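Report on the structure given below.
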Amino acid sequence: MSRPLQIGVTGGIGSGKSVVCQLFSCLDIPVYNADRRAKWLTNHDPEIKERVLTLLGTRAYNEQGFYDTSFVASVVFKNEELLKQLNAIIHPVVLRDTENWVIQNSASPYVIKEAAIMKAAGEGNALDYVIVVEAPFDLRIERILERDKRSEEEVKSIIQRQVSDESRRRIGDFIVANNEVSELIPQVLELHQLFLRKILEKLEVNI
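For the sequence shown, our numbering begins at 1031 and goes up steadily by one.
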């Protein structure tokens, strides 16, 4: 079975990476949101729930049976070893889920994987290329304030705790500027055409 190209899309909070992924989706390219899917699996996968309860106790899930993000964060972010153990529970299940999703979408020329945290293509992952979505600091703050019920100080703190733009650029094969100056759609269309050309080149080599 042929494997579609796997393209990673990442960027800091408020950068607009989800908007970029929506544009790819409009081109009939499947998109896997790793962060959203991880949350779903943490709430619904029996293996994860059982192991998280063993690791963190019954307070890890609320009375309705949903993952208590606030409680878990208050515990693990003060304990690096506990955070590593939690990641070791969740990440392998998400990885298996991702692999199954790629197989299900093997008829597509390429697929998009969206995640806030990402490594360079080929660095312990199956990605062929990584797109980094960027936006100016002040614009990111403005977007988050419009979207979320957070204070400006809280938003700035979140951004400062995330990976820096410089670090993201080092892992990126392509940069998309979502700054309300550069037009977004032409940038996505150009990348779409580029990936289709890469696929044709790959097919020609294998003939």
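Don't be surprised by glycine CBs; every beta carbon is placed ideally from N, CA and C. Owing to the predicted nature of the structure, the values given are computational and were not obtained by experimental measurement.
For Gln1036, the number of other beta carbons within 10 angstroms of its own is at least 16, and it is reported as buried.
For Pro1166, the closest alpha carbon among the candidates Ser1194, Gln1115, Leu1157, Tyr1140 is that of Ser1194. Separation of His1222 and Ala1207 (C-alpha to C-alpha, rounded to the nearest whole angstrom) is 16 angstroms.
It is roughly 24 angstroms from the alpha-carbon of Val1124 to the alpha-carbon of Ser1197.
Distances from the CA of Ile1161 to each of Asn1073, Arg1191, Val1141 were compared; the closest alpha carbon is that of Val1141.
Shown here, Leu1057 sits in coil according to DSSP, grouped into three states, outside any helix or strand.
Across the structure, Ser1187 and Arg1180 are spaced so that their CA atoms are roughly 11 angstroms apart. Of the candidates Val1049, Phe1054, Ala1146, Ala1146 places its Cα closest to the Cα of Ala1068.
A distance below 7 angstroms between beta-carbons, with the five flanking residues on each side excluded, links Leu1086 to the following residues of its chain, in chain order: Val1102, Val1105. As DSSP reads the structure, Ile1120 sits in no beta bridge. For Leu1086, there is no enclosing beta strand (DSSP E); the residue is part of the alpha helix (DSSP H) that begins and ends at 1076 to 1086. For the pair Leu1169 and Asn1117, the CB atoms are not nearer than the 8 angstroms cut-off. Ser1100 and Leu1226 have their C-alpha atoms roughly 42 angstroms apart. Counting only the Cα atoms, His1121 lies some 10 angstroms from Thr1072.
Just so you know, the alpha carbons of Val1211 and Leu1230 end up roughly 32 angstroms apart.
For the region 1109 to 1180, the continuous alpha helix (DSSP H) assignments of 4+ residues that do not extend past its boundaries occur at 1110 to 1134, 1167 to 1177, in sequence order. Within 10 angstroms of the beta-carbon of Lys1232 lie fewer than 16 other beta-carbons, which makes it exposed.
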